[in-house]
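Number of protein chains: 4
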Amino acid sequence: MPDLPPPFLYPSRIRFVDTDASQRIHYTAMFRHFEAAEMEWLRAGGCPYSDSRMAGVTFPRVHVECDFQAELRFDDLVTVALTVERIGTSSFTMVFAVSSGDRQCARGKIVVVCIDRGTQRPCPIPSALLDSIQRQLAK
Amino acid sequence: MPDLPPPFLYPSRIRFVDTDASQRIHYTAMFRHFEAAEMEWLRAGGCPYSDSRMAGVTFPRVHVECDFQAELRFDDLVTVALTVERIGTSSFTMVFAVSSGDRQCARGKIVVVCIDRGTQRPCPIPSALLDSIQRQLAK
Amino acid sequence: MPDLPPPFLYPSRIRFVDTDASQRIHYTAMFRHFEAAEMEWLRAGGCPYSDSRMAGVTFPRVHVECDFQAELRFDDLVTVALTVERIGTSSFTMVFAVSSGDRQCARGKIVVVCIDRGTQRPCPIPSALLDSIQRQLAK
Amino acid sequence: MPDLPPPFLYPSRIRFVDTDASQRIHYTAMFRHFEAAEMEWLRAGGCPYSDSRMAGVTFPRVHVECDFQAELRFDDLVTVALTVERIGTSSFTMVFAVSSGDRQCARGKIVVVCIDRGTQRPCPIPSALLDSIQRQLAK
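Residue numbers (our numbering), protein chains in the order written: chain L, 5 to 143; chain G, 5 to 143; chain E, 5 to 143; chain U, 5 to 143.
In structure tokens form, the structure reads like this:
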């Protein structure tokens with residue numbers, strides 16, 4: 005990711021529940037690791053989604069994708085590298101690169117949109133969240 | 005289950021996401037099949053949890069258990085037999101027996117309590133739900 | 005999907021375990037519905053992945069994506085429309101369109117590659133599977 | 005747990021995917037946290053299930069249960085306290101107590117049986133695993 009800010013690194017462990025009968029990770033499980041990385045990244049920036057300053061907003065994902073490049077198995081230790089590819093008015097795009105040792109295993113992308121709980125319409129990224137994201141990108 | 009009412013039968017299929025690297029079902033997946041059976045049982049009785057008559061109540065589980073008796077594998081077709089073991093004032097107990105062909109594979113039990121969303125305290129089983137349960141038991 | 009073959013239609017129900025604290029579907033749950041549709045589509049074509057003719061092959065996903073267009077909630081009934089966008093030598097691409105009533109709710113894409121269990125390398129799509137896919141597309 | 009050995013303590017975080025539309029944890033998610041605690045407990049004892057000394061054995065659960073005593077919500081930090089209630093010849097029983105701050109939130113129990121992959125019959129607990137368990141209990 006040459007032009008992106010330096011990523012936030014989140015170590016995670018492939019659990020047994022993450023695997024399937026192919027003896028590799030089931031692809032849906034990877035998204036749980038992305039989610040954990042996202043939450044700890046925001047917490048590190050000072051504004052997790054559970055922060056009371058964001059009580060009126062929800063954060064559905066409007067696009068998610070993942071490419072799987074190498075297999076992952078039970079108990080593998082991975083690093084999820086998260087960075088931000090784009091910040092819009094009411095949405096932002098995270099990219100994820102998962103490695104295990106020196107193997108690149110997966111690359112993902114998630115687009116989050118901010119929705120006002122009252123109107124159920126897109127709203128600007130809450131300032132506390134925007135500050136958190138920018139603080140993380142400036143590290 | 006000799007003394008219990010005749011069960012509601014729900015056919016279900018073991019999915020790939022239900023399996024793990026042991027090539028059998030991951031035990032947590034069984035509970036998803038229990039949940040599907042429970043929902044279709046209530047629907048058949050005329051009162052799913054999504055019914056507007058129950059908007060002020062939630063239905064957390066205060067006890068869940070399962071015994072696994074025989075392995076289940078990807079794509080196995082199972083029958084979940086659900087019946088009610090006990091109906092209290094604000095809670096009820098469902099029991100589940102899962103078979104695949106003539107093999108008994110699992111037996112489960114779930115205790116649901118009715119919680120008033122406003123007070124966050126137990127409340128009587130809503131009458132629409134109680135009617136639904138009793139209608140099913142009388143079949 | 006104007007240029008694609010007519011889809012296989014799979015009805016499914018949003019379960020409680022599929023939802024999250026936003027009171028909508030958690031995005032990872034959608035992929036479980038895609039998987040169920042895929043399995044029933046292959047079964048309808050005569051060759052589920054569990055067929056013994058494919059015992060030496062696994063079917064990991066190398067790319068998955070989904071766009072979420074409208075919210076889905078607990079107990080919503082959906083139709084997953086599956087068709088095939090591309091058939092290669094050792095891989096194929098399925099596309100999914102999820103609707104609930106007349107609302108388009110999600111569009112997904114999954115690329116499956118066939119991997120020989122022995123060599124762990126891509127192999128041609130097994131002929132039983134290829135026949136199944138083509139039989140379905142010709143309907 | 006007055007008569008049991010001192011527990012292994014595993015800190016964990018309730019994730020968004022763990023919640024459901026009741027805005028509390030979905031009960032099946034609790035078992036993922038139990039599993040993570042179990043894996044780190046065995047690793048701390050020197051013998052995770054992924055250890056090559058146990059390649060011929062699988063560890064299905066024959067009984068699982070959980071009582072839910074207090075609600076858990078998104079982003080709550082919990083401690084999973086794991087200890088062993090019983091060690092048999094081919095099985096062992098773990099108990100789990102989950103707290104968040106000073107609230108007791110859940111108590112669980114899981115019985116694991118050791119199955120020889122070849123015979124698919126119960127076999128003695130592998131000595132490396134037994135040593136790991138006993139090493140942990142002696143701490």
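Ideal Cβ positions, reconstructed from N, Cα and C, are used throughout, including at glycine.
Which residues does DSSP pair with R65 (chain G) in a beta bridge? G:V116
T32 (chain L), DSSP secondary structure in three states: helix
So R76 (chain E) is in the beta strand (DSSP E); what residue range does that whole segment cover? The sequence given here places Leu at residue 76 (chain E); Arg does not occur at that position. Premise fails: L76 (chain E) is in no beta strand (DSSP E) and is neither H nor E.
How big is the Cα-Cα spacing for D22 (chain L) and V66 (chain U)? 20 Å
Any C-beta of chain U sitting closer than 8 Å to the C-beta of L134 (chain E)? no
Given a limit of 9 Å on CB to CB distance, which residues of the stretch 30-41 of chain U reach chain L? F35, R36, E39, A40
Taking only beta-carbon atoms, is C4 (chain E) less than 8 Å away from chain L? No information on residue 4 (chain E) is available, as it lies outside the stretch 5 to 143 that chain E covers here.
Given the structure, does L134 (chain E) come close to the ligand GTP, in the sense that its CB is under 7 Å from one of the ligand's heavy atoms? This structure simply doesn't include the ligand GTP, nor any ligand for that matter.
Taking 8 Å as the threshold, find out whether the stretch 81-94 of chain U comes into contact with the stretch 126-139 of chain U through three or more Cβ pairs. yes
As assigned by DSSP and simplified to three states, the class of R139 (chain U): helix
Starting from the Cα of R17 (chain L), find the closest Cα among L:A74, L:Q27, L:A25, L:H37 and give me that residue. L:H37
Taking the straight line between their C-alpha atoms, what separation do you get for Q140 (chain E) and H30 (chain L)? 26 Å
Answer with yes or no whether the minimum CB distance from R65 (chain G) to chain E is below 8 Å. no
With DSSP collapsed to three states, give me the class of A41 (chain G). helix
For the beta strand (DSSP E) that contains L13 (chain G), what are its first and last residues? 12-17
Any chain G beta carbon closer than 8 Å to M58 (chain E): no
Here's a check: name, in chain order, each residue in its chain whose Cβ is nearer than 8 Å to the Cβ of L8 (chain G), leaving out the five neighbours to either side. T87, V88, E89, V99
Less than 8 Å between C-beta atoms, sequence neighbours within five positions excluded: which residues of the same chain meet that for E39 (chain U)? none
Contact set between F96 (chain E) and chain G, taken where Cβ atoms lie within less than 7 Å: The contacting residues do not exist; F96 (chain E) stays about 16 Å from chain G at best.
Excluding the five sequence neighbours on either side, which residues of its own chain have a C-beta within less than 8 Å of the C-beta of S103 (chain U), listed in chain order? V82, T83, A85, C109
Any chain G beta carbon closer than 8 Å to V61 (chain U): no
Taking C-beta to C-beta, are F35 (chain E) and A25 (chain U) nearer than 8 Å? no
Where A48 (chain E) sits in the DSSP three-state scheme: helix
Between F152 (chain L) and chain G, is any beta-carbon pair separated by less than 8 Å? Because chain L here runs from 5 to 143, residue 152 (chain L) falls outside it and cannot be looked at.
Take the Cβ of P15 (chain L) as the centre, count every other Cβ of all protein chains shown within 10 Å, and call the residue buried at 16 or more, exposed below. exposed
Do M58 (chain L) and Y132 (chain L) have their beta-carbon atoms positioned less than 8 Å apart in this structure? The amino acid occupying residue 132 (chain L) in the given sequence is Ala; Tyr does not appear at that position. Result yes, Cβ atoms of A132 (chain L) and M58 (chain L) sit closer than 8 Å.
Checking 8 Å against the spacing of the C-beta atoms, do R111 (chain G) and D71 (chain G) come in under that value? yes
Taking the beta strand (DSSP E) that F100 (chain L) falls in, what are its first and last residues? 95-104
Across which residues does DSSP place T23 (chain E) in a beta bridge pair? E:I29
Just to confirm, are F12 (chain G) and A48 (chain G) a CB contact at a threshold of 8 Å? yes
Through-space distance from A41 (chain G) to G50 (chain E), alpha-carbon basis: 27 Å
Taking F20 (chain G) as the query, report the chain E residues whose CB atoms sit under 8 Å from its CB, ordered along the chain. E39, M43, Y53
Under the DSSP definition of a beta bridge, which residues are partnered with K86 (chain G)? For clarity, residue 86 (chain G) is Leu in the given sequence; the question names Lys instead. According to DSSP, L86 (chain G) bridges with G:F12, G:F100.
Measuring straight from C-alpha to C-alpha, what distance separates M5 (chain E) and K113 (chain E)? Summary for M5 (chain E): the model assigns pLDDT 47, below 50, so the residue's position carries little reliability, and this model does not support an answer.
Determine, using beta carbons only, whether V99 (chain L) comes closer than 8 Å to chain E. no
Can you tell me which residues form a DSSP beta bridge with I91 (chain G)? G:F96
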